Amino acid sequence: MKKFLTAFGLGFILFACSPSAAPPVLTEISTPGYHHGRVVWYNLASPNPEVSKNFYEEVFGWTTIPYGDKNREIWVFKNGDQPVGLMARYNSDNNSGEWIGSISTADVDASASEAKSLGAKILNKPVAVENQGTVAFIQDPQGANFSLINLAKGDPEPKLAQHNSFLGMELWSNDTQASHDFYTEIAGYETEMRKEGTIDYTVFKMGDMNCAGMLANPAENVRTHWLPYIRVADVQQSLAKAKASGATVLLEPNAGIRNGSVAIILDPTGAPLALQVYNP
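Numbers -21 to -1, 1 to 259, taken from mature numbering (1 follows the signal peptide of the UniProt record, and there is no 0), label the letters of the sequence shown in order.
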């Protein structure tokens, strides 16, 4: 297995652009009401946006829309007319990419302060942008990167993702008890324990709403990290496209793992990603 996620120096922020250059994407995805605890947005930190752009367009059929200028560039990914994520250029110690999920919270400042008191690093302190919302980028005590967000006009409706859109995120933890304690404290999660084959699996919940999953990190010598899932219509077909576009395969579909519905890859910049057929 290719070594990945060894180090990460976050050098971008979702609202790095000036308000005039910030894309209206977060108002486009908003609906009335909030669903705190859910991952409501996705950001790709890429050391090579051109390579990332080509990969996600070829594999998932996304379109990529640039915003900003050469000093503060960001890109919006869309699946058809639906925004699915933002990309920004950054530099890291190991020159690899990473997807960062944004967890909805009622008070970003308070949640970020709580995270810091529990040993997290504040990579980018809370920033508010008019008509967009407030966001902070955090590294949890084990090194997993995520963001906290409060969208100005409400969260996206919690519904099943379209094909080639994000299903959610899963935490691969080197210390599941410590991760449980950290995320239940800062997000207010309840937890439900399940078995996935022989694997102990934790579901982070808010009431009846499933927000994220967690399992013991199966990858050796890899820091704790969040793994995003994209819903696909045919995992073998999507995996073939990913291979042809430069992905590294970490897990081929296996009948013993979710009935062969899942593949795990690194995109050409090293960002980990899961592909899953999901038809509840």
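Virtual Cβ for every residue (Gly too), placed ideally from N, Cα, C. Since we're looking at a predicted model, the values are computed, not measured.
Nearest-angstrom Cβ-Cβ length linking residue i and residue j, presumed shorter than 8 Å
i: residue 240; j: residue 37; result: Rounded, the Cβ-Cβ distance is 22 Å, inconsistent with contact.
i: residue 210; j: residue 142; result: 6 Å
i: residue 218; j: residue 254; result: 6 Å
i: residue 257; j: residue 130; result: That belief does not hold up - the Cβ atoms of residue 257 and residue 130 are roughly 25 Å apart, past 8 Å.
i: residue 69; j: residue 26; result: 7 Å
i: residue 118; j: residue 102; result: 6 Å
Residues of its chain near residue i, where Cβ-Cβ distance is below 6 Å and the 5 sequence neighbours each way are ignored
i: residue 4; result: 55, 62
i: residue 185; result: 16
i: residue 85; result: 15
i: residue 8; result: 62, 135
i: residue 220; result: 38
i: residue 123; result: 203, 204, 205
Assigned secondary structure, residue i (DSSP; H/G/I helix, E/B strand, else coil)
i: residue 203; result: coil
i: residue 77; result: strand
i: residue 176; result: coil
i: residue 61; result: strand
i: residue 153; result: coil
i: residue 181; result: strand
i: residue 121; result: coil
i: residue 31; result: helix
i: residue -14; result: The pLDDT assigned to residue -14 is 46, lower than 50, so where the model puts this residue is not dependable; a value taken from the coordinates is nonetheless given after this. Residue -14 falls in the coil class under three-state DSSP.
i: residue 141; result: coil
i: residue -21; result: In this predicted model, residue -21 has a pLDDT of only 37, less than 50, meaning its place in the structure is not dependable; the value taken from the coordinates is given anyway. Residue -21 falls in the coil class under three-state DSSP.
Residues near residue i in its chain [Cβ-Cβ closer than 8 Å; skip 5 each side]
i: residue 104; result: 91, 115
i: residue 12; result: 133, 134
Counted within 10 angstroms of its Cβ, other Cβ atoms place residue i as buried (16 or more) or exposed
i: residue 243; result: buried
i: residue 202; result: buried
i: residue 252; result: buried
Beta carbon of residue i nearer than 7 Å to that of residue j
i: residue 149; j: residue 206; result: yes
i: residue 227; j: residue 30; result: no
i: residue 80; j: residue 39; result: no
i: residue 77; j: residue 250; result: yes
i: residue 23; j: residue 66; result: yes
i: residue 32; j: residue 42; result: no
Own chain, CB closer than 7 Å to residue i, minus 5 neighbours either side, in chain order
i: residue 215; result: 232
i: residue 172; result: 179, 181
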